[in-house]
Amino acid sequence: MKSTVTTFLAATCLLFGALANAAQTVTYRIAHTRQQDTNMVFVVTNSSFFNADNNAKERMWTAMRSCAKSARLAGDVVMVASVNGGFRFYGPKGWISYLSNLDMAWVNARLNKKLTCTF
Numbered sequence: 031m032k033s034t035v036t037t038f039l040a041a042t043c044l045l046f047g048a049l050a051n052a053a054q055t056v057t058y059r060i061a062h063t064r065q066q067d068t069n070m071v072f073v074v075t076n077s078s079f080f081n082a083d084n085n086a087k088e089r090m091w092t093a094m095r096s097c098a099k100s101a102r103l104a105g106d107v108v109m110v111a112s113v114n115g116g117f118r119f120y121g122p123k124g125w126i127s128y129l130s131n132l133d134m135a136w137v138n139a140r141l142n143k144k145l146t147c148t149f
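Okay, structure coming up:
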């Protein structure tokens, strides 16, 4: 009996460990466009992205840049969402002034691709 319980517990731990490390695949709508002589990848994300702490946002942005590069999408990656009726963005610091003049209507008018990422 003890051997069966031990085996069951070991198998359960392995299963939950595998589930915890399971990859998640997500497809995003993107606007791959050229602005001010620079390729840009605007990734429409969930508004909850902007509730995360700065470290989490930076990690997600870095992962998204890697995903875009793997998909051979050239350009600076910018995460965007509509949050409480306003436009929020997260991307390269050098683009803050330019991005501050945009809104979701501008991004939505340029949506032209989908990007599937596995995290």
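For the sequence shown, the tail end lands on 149 under our numbering, and the numbers increase by one without skipping.
Where is the CB? At the ideal position from N, CA and C, for every residue including glycine.
Just to confirm, is the Cβ distance from residue 145 to residue 101 under 7 Å? Stepping through the sequence shown from its first residue, residue 145 is reached at position 115. Stepping through the sequence shown from its first residue, residue 101 is reached at position 71. It is a contact, given that the beta carbons lie within the stated cut-off.
In the structure shown, what three-state DSSP assignment does residue 39 receive? Residue mapping note: residue 39 aligns to position 9 of the sequence shown, counting from 1. Per-residue confidence for residue 39 stands at a pLDDT of 40, beneath the threshold of 50, marking its modelled position as unreliable; the derived number appears in the next sentence. Residue 39 falls in the helix class under three-state DSSP.
Pairing CB atoms from the region 81 to 89 with CB atoms from the region 125 to 140, are three or more of them under 8 Å? no
Could you give the C-beta distance for residue 109 and residue 121, rounded to a whole number, given that I count them as a contact under 8 Å? Counting from 1 along the sequence shown, the entry for residue 109 is found at position 79. Counting from 1 along the sequence shown, the entry for residue 121 is found at position 91. Their Cβ separation, rounded to whole angstroms, is 7 Å, which keeps residue 109 and residue 121 in contact under 8 Å.
CA-CA distance, residue 69 and residue 52? For this step, residue 69 is matched to residue 39 along the sequence shown. For this step, residue 52 is matched to residue 22 along the sequence shown. Between residue 69 and residue 52, the C-alpha separation is close to 33 Å.
Endpoints, alpha helix (DSSP H) assigned at residue 92: By one-based count along the sequence shown, residue 92 stands at place 62. Segment 84 to 100, the alpha helix (DSSP H) holding residue 92.
Would you grab the beta carbon distance between residue 71 and residue 98 for me? Rounded to a whole angstrom, and I think it's under 8 Å. Taking the first residue of the sequence shown as position 1, residue 71 is located at position 41. Taking the first residue of the sequence shown as position 1, residue 98 is located at position 68. About 5 Å; that satisfies the 8 Å criterion.
Look at residue 9 and residue 129 and say whether their C-beta atoms are less than 7 Å apart. No information on residue 9 is available, as it lies outside the stretch 31 to 149 that the chain covers here.
Using CA coordinates, which residue listed in 76, 148, 85 is at the minimum distance from residue 113? Residue numbering aside, residue 113 sits at position 83 when the sequence shown is read from its first letter. Nearest C-alpha to residue 113: 76.
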